[in-house]
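Participant: Encoded as structure tokens, here's the structure I'll be asking about.
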Amino acid sequence: MAEQILIIKYDGLDANEHTLDLRLFGESLAGIDRVASAGLIMLTTRRMPKKGERFPLRLKAREPEASSVLIQAVIDNAAWALPLAHEIATGVSIDLLTSWFGAVFNLAGGRSKEADPHFNKLMDHLEKVREDRVELDRALIKDRQDERRQTRKLIEG
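Note that our numbering gives residue 440 to position 115 of the sequence shown, counting from 1, and the numbers run on in steps of one.
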């Protein structure tokens, strides 16, 4: 599976001076971890996380890009759990993010009936992602078959 990239970028203000308030940055990362972990547990198991339970998220840091405070991380073991992670992390659609947070916050608030439409929307999107991947795989297989046919024709004269 290709690596999934999550980019957290700070622009302007202190970032222009290549500085960042470490406490605020740490709080941001802790908040992202809590929401992502709780959300992945809730959406994969349809239950609230137990006290202290975390989804196993591990990040591999990359070097920041020049002229900004940019921290890139490779999500190396979460993408298998929820194929929507890439679409959510890369900002494919506000609607998808709205569904993600709607499902997570309603489940966390004990309102599973209100979470259902959001969850169903996520599952519909997941099905579309799977269909698109199957279609892409079929196209790649066809291309490879065409390449082989052309190569065979060239070899056979």
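Note that the Cβ used here is the ideal one computed from N, Cα and C, for glycine as well.
1. May I have the straight-line CA-CA distance separating L432 from T423, to the nearest angstrom?
2. With 16 as the cutoff for other CB atoms within 10 Å, does L461 come out buried or exposed?
3. Whole angstroms are fine: how far does the CA of S353 sit from the CA of L368?
4. Roughly how many angstroms lie between the CA atoms of D471 and H450, to the nearest whole one?
5. How is R383 classed by DSSP in three states: helix, strand or coil?
6. Mark I366 as exposed unless 16 or more other C-beta atoms lie within 10 angstroms of its C-beta, in which case mark it buried.
7. For V429 versus G364, is the C-beta distance shorter than 8 Å?
8. Start and end of the alpha helix (DSSP H) containing R469?
9. Taking 8 Å as the threshold (C-beta atoms), are L338 and D358 in contact?
10. Alpha helix (DSSP H) containing E352: first to last residue?
11. Given a threshold of 16 other Cβ atoms within 10 Å of its Cβ, counted over all protein chains shown, does L447 qualify as buried or as exposed?
Facilitator: Reading off the structure:
1. A straight-line Cα-Cα distance of about 14 Å links L432 and T423.
2. exposed
3. 22 Å
4. 31 Å
5. coil
6. Here I366 is buried. Its C-beta has 16 or more other C-beta atoms within 10 Å.
7. yes
8. 437 to 481
9. no
10. 347 to 370
11. buried
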